[in-house]
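Trainee:
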Amino acid sequence: MTLTWGELRRDAEAQLRAIGVSDPAAEAQWMIEAVSGMDATEQLIEATTPVTHRPTAGLDALLARRAAGEPVQYVLGEWSFCGLDLLVDRRVLIPRPETEIVAEIAIREVERLGERVGPPEPWSGGLTHYVVADLGTGSGALALALAASLPDAEVWATDASEDALAVARVNVAAAGTIATRLRVGAGSWFDGLPPAVRGRLLLVVSNPPYIADHEVLPESVRDWEPAGALFSGPTGLEAIEHLIATAPEWLDPAGTLVLELAPHQGDRAVALAHDAGFVDVSVRPDLAGYQRALIARRRAD
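So the sequence shown is numbered by our numbering: it starts at 9 and just counts up by one.
If you want it as structure tokens, here you go:
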């Protein structure tokens, strides 16, 4: 029996509800869009139209992956971050709302330093007059968000994982004109940057691994997302400690370091930043009220 698009969507929603998905209606819509190219409105318009075999088989494959526990972001193969559609798969972390807050804080720090914020002009090309860096870029999410909102910035994105860099390069290539101001470097943290930017970075931002090796994670995270981007070491602070200690030699004298961290790490991170010579240090909350982003300024207002 041939199903209509409306029936196919309702069937997908029922299957997702049966496996305990928290928002089966939304996921069914996204999966239908993935196999058909139709957005939510088009799906409603075409609800009584019969479906051919190919999209039905494609949807069945997506539902099977979701039933096996794979996160919906990987099943779909893309996810939105700060209004940007990014390729995501098991080579990189899933972009999360907490990290969007980190991006917004980082952008506002550059604005505080007197730089323009807003969409780039299409005629400006690759013209820049300052440099910022996203270290441990993964999918390139933070670097792309910076490039999209800081029209005068040269943006560096580094990562030690060649798998992650492959994803980041795809996302940069698909980013349109802002890609002319993006540079991708292979290497661990600052090692991926060229010596020429040492002491010139107006901003360093990172979402480093900050989970201790002994911490227990949900299966949907532990079994699917890359361990190297999640676990930092015995304390969970190893990457944060390195970034804080090394950042001053790479930052401009007026520059700022912005790091995502776990809520319980805020006090320790603030102390480390003061020890490293940062003079204005604070931790900002995410939308849920948890301490989430370290802001360490080399110079006070």
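Each residue gets a CB set at the ideal place from its N, CA and C atoms; glycine is no exception. Remember, predicted model here, so these are calculated numbers, not experimental data.
Going along the chain, which unbroken runs of the beta strand (DSSP E) with 3 or more residues stay wholly within the segment 182-209?
Mentor: Counting only runs of 3 or more, we get 190-194.
Trainee: Secondary structure at Glu86, three-state DSSP: helix, strand or coil?
Mentor: Three-state result, Glu86: strand.
Trainee: Once DSSP output is grouped into helix, strand and coil, what is the label at Ser30?
Mentor: Coil.
Trainee: Report the three-state DSSP secondary structure of Asp167 (helix, strand or coil).
Mentor: Three-state result, Asp167: strand.
Trainee: Give me whichever residues DSSP pairs with Asp142 in a beta bridge.
Mentor: In DSSP, Asp142 forms a bridge with Ala165, Val213.
Trainee: Grouping DSSP H, G and I as helix and E and B as strand, with all else coil, what is Gly263?
Mentor: Gly263: strand per DSSP, three-state reduction.
Trainee: Three or more beta-carbon pairs under 8 Å between the segment 252-267 and the segment 195-211, yes or no?
Mentor: A contact exists between the segment 252-267 and the segment 195-211.
Trainee: Does the count of Cβ pairs from the segment 141-158 and the segment 171-189 closer than 8 Å reach three?
Mentor: Touching, yes.
Trainee: Indicate the three-state DSSP secondary structure (helix, strand or coil) for Asp93 in the structure shown.
Mentor: Of the three classes helix, strand and coil, the one that applies to Asp93 here is strand, per DSSP.
Trainee: DSSP three-state call for Ile113: helix, strand or coil?
Mentor: DSSP places Ile113 in helix when its eight states are reduced to three.
Trainee: What residues are listed by DSSP as bridge partners for Asp288?
Mentor: Arg305.
Trainee: In the DSSP assignment, find the unbroken beta strand (DSSP E) run with Ser240 in it and report its ends.
Mentor: Its beta strand (DSSP E) spans residues 239-241.
Trainee: Are there 16 or more other CB atoms within 10 angstroms of the CB of Val287, so buried, or fewer, so exposed?
Mentor: Looking at its Cβ environment, which holds fewer than 16 other Cβ atoms inside 10 Å, Val287 is exposed.
Trainee: Which two residues bound the contiguous alpha helix (DSSP H) that contains Gln274?
Mentor: Contrary to the premise, residue 274 reads as Gly rather than Gln in this sequence. Element bounds for Gly274: 274-283.
Trainee: Helix, strand or coil for Ile219 per DSSP?
Mentor: Strand at Ile219.
Trainee: For Tyr218 versus Ala247, is the C-beta distance shorter than 9 Å?
Mentor: Yes, the Cβ-Cβ distance between Tyr218 and Ala247 is below 9 Å.
Trainee: Do Ala55 and Gly14 have their C-beta atoms closer together than 9 Å?
Mentor: Yes; because the gap between Cβ atoms is below 9 Å, this pair is in contact.
Trainee: For Ala301, does the count of other Cβ atoms within 10 angstroms reach 16, so buried, or fall short, so exposed?
Mentor: Result: buried.
Trainee: Going by the C-beta, is Ser196 closer than 8 Å to any heavy atom of the ligand HEM?
Mentor: The ligand HEM is not part of this structure, which contains no ligands at all.
Trainee: Would Arg177 pass as a contact of Val163 if the rule is Cβ separation under 9 Å?
Mentor: The answer is no: Cβ separation not under 9 Å.
Trainee: Under three-state DSSP, which class holds Pro293?
Mentor: Three-state DSSP puts Pro293 in a strand.
Trainee: Short of 6 Å in beta carbon distance, which residues of its chain neighbour Gly274, apart from the five on each side in sequence? Order them along the chain.
Mentor: Excluding positions up to five away in sequence, the list reads Val291, Gln299.
Trainee: Measure from the alpha carbon of Val110 to the alpha carbon of each residue in Ala308, Ala304, Ser30, then state which is nearest.
Mentor: Selected option, being the one with the closest Cα: Ala304.
Trainee: What are the boundary residues of the alpha helix (DSSP H) that includes Ser147?
Mentor: That residue, Ser147, is in no alpha helix (DSSP H); it is neither H nor E in DSSP.
Trainee: Am I right that Pro67 and Ala20 are in contact with their C-beta atoms under 8 Å? What's the rounded C-beta distance?
Mentor: The question names Pro, but residue 67 in the sequence shown is Leu. About 6 Å; that satisfies the 8 Å criterion.
Trainee: Assign Glu233 to one of three DSSP states: helix, strand, or coil.
Mentor: Residue state, collapsed to three classes: coil.
Trainee: Identify whether Glu268 lies in helix, strand or coil by the three-state DSSP scheme.
Mentor: Of the three classes helix, strand and coil, the one that applies to Glu268 here is strand, per DSSP.
Trainee: Rounded to the nearest angstrom, what separates Val83 and Leu238 at their Cα positions?
Mentor: Distance between the alpha carbons of Val83 and Leu238 is about 20 Å.
Trainee: Pull up the distance between the alpha-carbon of Ala255 and that of Gly122, whole angstroms please.
Mentor: Approximately 21 Å, taken between the alpha carbons.
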